[in-house]
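Inspection log for the structure reproduced underneath, given as structure tokens.
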């Protein structure tokens, strides 16, 4: 009986070790599932924005899309997308902002949308800095909008750059906190290579802040939105969109909060 029990425990330990090793080696695919996929198509977005090549500090040339503001003093909004999409899937937001007179730069990451390179935390920060450098050559009035994974990128950039405001859609406190909820049996806090620890950075940001997300978000617990908001200082706003999930926050009511927030940053006669 002891022999059987020992064999069983050994088998369980072996399976756990293999699962742990698999999780460690596959974490890049879990965090960046669209690595090396070709770009999605959005014909209207392509017609109304310009394809631009930017160069990162480590020498990668990335394709982004840009449209200057049509209203004087309106900001350029830099959009950072989530991990399971490319810039075209932020197209509906970009087009509504363009219609409202704002400028838009749809940032893209290495390894996404046909771009060269392999995504990782430091790399995405470098990509964001390159997008910021391009936008800042056209305006000093810049707003960052980060969604999901892009919220971690936007928070890092906001902590080091001069911006007019920061908008976070469905943000996490850190990638590690999200993973720890999903993989409870594994020591992900020890294993994680990329962390995107927004919670430790948010208090350093002095620009006006809007955080919004859905009450039915099944990917990032809404409690993380609240923790991030509570840790922020200064001019900040928070909106929970009833019944919205991780994918439809903008269309379920987030749009109104974002547009009101942007309008509050501008002279009343400029943006409607």
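Numbering (our numbering), first residue to last: 1 to 272. Yeah, the Cβ is synthetic: ideal placement off N, Cα and C, and Gly gets one too.
The Cβ atoms of residue 87 and residue 110 lie no closer than 9 Å to each other.
Per the DSSP secondary-structure output, residue 145 pairs in a beta bridge with 79, 167. DSSP places residue 134 within a helical segment (H, G or I) once states are collapsed to three. Annotated three-state conformation of residue 95 is helix, per DSSP. Beyond the five residues adjoining it in sequence on each side, residue 77 comes within less than 6 Å, by CB distance, of 97, 102, 104, 143, 145 in the same chain, given in chain order.
Comparing C-alpha distances from residue 208 to each of 74, 193, 238 shows the shortest one belongs to 238. Looking at the DSSP output, residue 104 shares a beta bridge with 67, 77. Shown here, residue 155 sits in a helix according to DSSP, grouped into three states. DSSP, read as helix, strand or coil, puts residue 49 in coil.
Shown here, residue 233 sits in coil according to DSSP, grouped into three states, outside any helix or strand. A direct Cα-Cα distance of roughly 23 Å separates residue 159 from residue 259. Under the DSSP assignment, residue 262 falls in the alpha helix (DSSP H) whose first and last residues are 255-264.
Leaving aside the five residues that flank residue 214 on each side, the residues in its chain whose CB is nearer than 6 Å to its CB run, in chain order, 241, 244, 245, 249. Its chain contains no residue whose beta carbon lies nearer than 6 Å to that of residue 226 once the 5 sequence neighbours on both sides are disregarded.
Residue environment for residue 171: buried (at least 16 other C-beta atoms within 10 angstroms of its C-beta). DSSP places residue 220 in the coil class of the three-state scheme, outside both helix and strand. In the three-state DSSP reduction, residue 225 falls in the helix class (H, G or I). Sequence-distant Cβ neighbours of residue 154 in its own chain, meaning closer than 6 Å and more than five residues away, are 80, 144, 146.
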